[in-house]
Amino acid sequence: MEPSEAPIALDRDVFMRSLIRELARVLEDVVGLEEAAGYVSLVSQTIGVDLNHQYAKALAVDRLDRGQVAQVMVDFKRRIGGGFYVLEESDQRIVLGNRVCPFGEKVVGRPSMCMMTSNVFGTLAAENLGYARVELEKTIARWDVGCRVVVHLRPPSETEASTGREYYGDLP
1 MEPSEAPIAL
11 DRDVFMRSLI
21 RELARVLEDV
31 VGLEEAAGYV
41 SLVSQTIGVD
51 LNHQYAKALA
61 VDRLDRGQVA
71 QVMVDFKRRI
81 GGGFYVLEES
91 DQRIVLGNRV
101 CPFGEKVVGR
111 PSMCMMTSNV
121 FGTLAAENLG
131 YARVELEKTI
141 ARWDVGCRVV
151 VHLRPPSETE
161 ASTGREYYGD
171 LP
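One point on numbering: in UniProt numbering, the residue at position 105 of the sequence shown is 105, and numbering is uninterrupted.
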């Protein structure tokens, strides 16, 4: 048998997901979960800014409206192999569910990888709507059956408990 005929599960997608998982594992093991999430956040914020520019240009708008932001979140994840869908959309928040992680089974046990979702969604919402606070209520990475992501579009009141990561845009 030739090596090219060997029945192994390897293609570019599997390789890239494995590479990202192992990078996350090394970061989590060496610097800890919080710091690893911080590194993933830096990379994914840059990706979020770039995606925002690409979608705005393609849709011929300066800023996306709330409905477009929700649609872009779903479309972005669809394009990279995710299964996100909108559960709720209001002036207060966008709630998304997910059945399939773009990282597949490689995400399980690697919650720092979820910062990609938090930062891309948070950046998209904040850049277009002025503010976002992203809560990852359920994640496949934490062994949940699916994901539930809440993107709050208004800052919490002083009496309201605040969880999640905050993102700020530059709206006038």
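Note that the Cβ used here is the ideal one computed from N, Cα and C, for glycine as well.
Leaving out five residues on either side along the sequence, give the residues of the same chain with a beta carbon under 6 angstroms from the beta carbon of residue i.
i: R12; result: none
i: R142; result: P111
i: V107; result: C101, M113, I140 and A141
i: N119; result: S41, S44, Q45 and G48
i: S162; result: P156
Among the options, which one has its Cα closest to the Cα of residue i?
i: R148; options: Y85, V61 and G81; result: Y85
i: R99; options: R154, E28, S157 and G146; result: G146
i: G83; options: S90, M73, R21 and G169; result: M73
i: M115; options: G164, D62, N128 and Y131; result: G164
i: N128; options: S90, R21 and D170; result: D170
i: T123; options: R17, M1, A9 and H53; result: H53
i: E89; options: R25, R154 and E166; result: R154
What are the partner residues of residue i, as DSSP defines its beta bridges?
i: L96; result: V86 and V149
i: R165; result: V134
Buried or exposed for residue i, going by 16 or more other Cβ atoms inside 10 Å?
i: T159; result: exposed
i: P3; result: exposed
i: F15; result: exposed
Closer than 8 angstroms by C-beta to residue i: which residues in its own chain qualify, once you throw out the five before and the five after it? Chain order, please.
i: L87; result: V95, L96, G97 and R148
Note down, in chain order, each residue of its chain lying with its Cβ closer than 7 angstroms to the Cβ of residue i, except the 5 sequence neighbours on either side.
i: I80; result: P102
i: Y39; result: L27
State yes or no: is the C-beta of residue i nearer than 8 angstroms to some heavy atom of the ligand HEM?
i: L124; result: Absent from the structure shown: the ligand HEM. Ligands present: none.
Could one say the Cβ of residue i lies closer than 9 angstroms to chain B's Cβ atoms, at least one of them?
i: L19; result: Here chain B cannot be found, since the structure has a single protein chain.
Quick check for students: name the residue ranges of the alpha helix (DSSP H) that lie wholly in the UniProt domain "Metanogen output" (20-151), counting only runs of 4 or more.
33-58, 66-79 and 115-129
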